[in-house]
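Novice: Please read through the structure below; I'll follow up with questions.
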Amino acid sequence: MKLLIVGLGSMGKRRARLAKGMDAGIQIVGVDSAESRRAEAVSLGLADAAYPSIAEAAAAARPDAALVCTAPLSHGAIIGELLDLGLPVFTELNLVDDGYDANIAKAKAKGVPLFLSSTMLYRRETQYIKRRVAEFGRPVHYIYHIGQYLPDWHPWENYKNFFVGNARTGGVREIFGIDLPWLLDAFGDVTAMAVQKDTISDLGLPYPDCVTLLLRHASGAQGVLAADVVSPKAVRNFECFGDGLHLFWEGNPKALYEFRGGEKQVVDTYTAFEHDSRYSDNIVENAYVDELANFFAVLRGEEAPRWSFEKDRAAIAVMDAAQAAEPGRPVTL
2 MKLLIVGLGS MGKRRARLAK GMDAGIQIVG VDSAESRRAE AVSLGLADAA
52 YPSIAEAAAA ARPDAALVCT APLSHGAIIG ELLDLGLPVF TELNLVDDGY
102 DANIAKAKAK GVPLFLSSTM LYRRETQYIK RRVAEFGRPV HYIYHIGQYL
152 PDWHPWENYK NFFVGNARTG GVREIFGIDL PWLLDAFGDV TAMAVQKDTI
202 SDLGLPYPDC VTLLLRHASG AQGVLAADVV SPKAVRNFEC FGDGLHLFWE
252 GNPKALYEFR GGEKQVVDTY TAFEHDSRYS DNIVENAYVD ELANFFAVLR
302 GEEAPRWSFE KDRAAIAVMD AAQAAEPGRP VTL
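Here the sequence shown stands for residues 2 to 334, where the numbers follow our numbering.
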């Protein structure tokens, strides 16, 4: 198989490395407007060739499918161009729904898959939480805090120079974009919420750096979801409780617990996991591999994707409503 990867930044290189690790026979053709990134991807062996434009790459290499790994606001147009070429498309999370209607229609007309990344759905910890909540079958509440100091996200570049510096695709919104899909999958659509937001740092962002949502889900579950780009230590702390169920997760595969028999007991969802030392310990590689495996299975007609553009509208609706909401005023979705 020959994959076209559009965008050879940190995520594009990660997808290329993992794809080649899954199947050494996969050929990678890269696209990036920056000559330095194209040269680096080829020199590292992550791309067999690299071009400055999709048109040049497609004409020269005739790829079988494409991955979009650029900044979110560029996704809509790039996906449309790839679909015009009749290519199945895997895209990183979009954060906005620009071009959704047109690209959904175009993919259907072309008869090719349109696959949307939602990596947290592939974490075995989140799948365990979903399963236990479903088995429990009674009302639950959860408290979930995710945060990390924004300058530490990409320490190799200024945070104002990539998409988290933009109000439409800011760091808090990205956190919500990453985690809302698995929360909606586990607890149901959000039917109502209240929002609190604040700026407590000197980061100079065009959006609040701390946002807390009180969510009511269709299942009856209620959750407190707090996201920030201020926490000096990267944190992902989740707690879910009901009358007879108590789950704890600290964001990495070694830190999922269930309270049983009067004590917190470790839940081992991974017998082994791979971790890239450049990232916080709550980032594991397995979920990215499982996600690519799902995409490849979709291409073979063997599986359905776990997330979709249609489902993503619900997550984006929550993010849009939270961004527009007046602090403290209830919002009905």
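Where is the CB? At the ideal position from N, CA and C, for every residue including glycine.
(1) Please list the terminal residues of the continuous beta strand (DSSP E) segment that includes K3.
(2) What number of angstroms, rounded off, separates the C-alpha of I80 from the C-alpha of T92?
(3) Who are the Cβ neighbours of Q28 in its own chain at under 6 Å, not counting the five residues just before and after it?
(4) Just how far apart, CA to CA, sit L257 and T272?
(5) Should S119 and W250 be called a contact, given that it needs their Cβ atoms to be closer than 9 Å?
(6) Please report the Cβ distance between V69 and Y52, rounded to the nearest whole angstrom; I am assuming they are in contact, meaning their Cβ atoms lie under 8 Å.
(7) Considering only residues of the stretch 122-204, which uninterrupted alpha helix (DSSP H) runs meet the minimum length of 4 residues and lie entirely inside it, listed in chain order?
(8) Please go through the same chain and pick out, in chain order, the residues whose beta-carbon is closer than 6 Å to the beta-carbon of K14, but skip the five residues on each side of it.
(9) Can you tell which of P140, G189 and C211 has its C-alpha closest to the C-alpha of R174?
(10) On a CA-only basis, which of Q223, A294 and L216 is nearest V319? Give me that one, please.
(11) Y208 and G171 look like a contact to me (Cβ under 8 Å); what is the Cβ gap, rounded to whole Å?
(12) Looking at C-beta atoms only, is the number of pairs between the stretch 94-110 and the stretch 122-131 that lie closer than 8 Å three or more?
(13) Go ahead and pull the three-state DSSP assignment for L88.
(14) Within 8 Å, do at least three Cβ pairs link the stretch 291-305 to the stretch 127-134?
(15) Determine which residues share a DSSP beta bridge with C211 and list them.
(16) Taking C-alpha atoms, which residue in G26, H76, K265 and F177 lies nearest to A228?
(17) Threshold first: 3 residues or longer. Then list the beta strand (DSSP E) segments lying entirely within the stretch 51-115, N to C.
(18) Could you tell me which whole alpha helix (DSSP H) segments of length 4 or greater appear in the stretch 289-321?
(19) Judging by CA-CA distance, which residue of A25, G329 and Q223 is the nearest neighbour of K198?
(20) Over the uninterrupted alpha helix (DSSP H) stretch that includes K14, give me the two end residues.
(21) Under three-state DSSP, which class holds N287?
(22) Starting from the C-beta of F188, find all residues in its chain whose C-beta is less than 6 Å away, skip the five residues before and the five after it, and write them out in chain order.
(23) Using the three-state DSSP reduction, which class does E36 fall into: helix, strand or coil?
Specialist: Taking the structure as given:
(1) K3 to V7 is the span of the beta strand (DSSP E), which, as asked, contains K3.
(2) The C-alpha of T92 is placed about 8 Å away from the C-alpha of I80.
(3) These residues qualify, in order along the chain: K3 and D49.
(4) So the alpha carbons of these two residues sit roughly 13 Å apart.
(5) Contact: no.
(6) Rounded, the Cβ-Cβ distance is 15 Å, inconsistent with contact.
(7) Listed in chain order, the complete alpha helix (DSSP H) runs (minimum 4 residues) inside the stretch 122-204 are 125-137 and 172-188.
(8) L47.
(9) Ranking the options by Cα distance to R174, first place goes to C211.
(10) Of the listed residues, the one whose Cα sits closest to V319 is L216.
(11) Beta-carbon to beta-carbon, Y208 and G171 are separated by about 4 Å, close enough to satisfy the 8 Å threshold.
(12) Segment contact: the stretch 94-110 against the stretch 122-131, fewer than three CB-CB distances shorter than 8 Å; contact not assigned.
(13) In the structure shown, L88 sits in coil (DSSP, three-state: anything other than H, G, I, E or B).
(14) Output reads no: the stretch 291-305 does not touch the stretch 127-134.
(15) When beta bridges are read from the DSSP output, C211 appears opposite D199 and D229.
(16) It is F177.
(17) With a minimum length of 3 residues, the continuous beta strand (DSSP E) runs that stay inside the stretch 51-115 are 66-69 and 90-92.
(18) Runs found: none.
(19) Ranking the options by Cα distance to K198, first place goes to G329.
(20) For K14, the uninterrupted alpha helix (DSSP H) segment begins and ends at S11 to M23.
(21) If DSSP states are grouped into helix, strand and coil, N287 belongs with the helices.
(22) Contacts found: H218, S220 and A222.
(23) DSSP places E36 within a helical segment (H, G or I) once states are collapsed to three.
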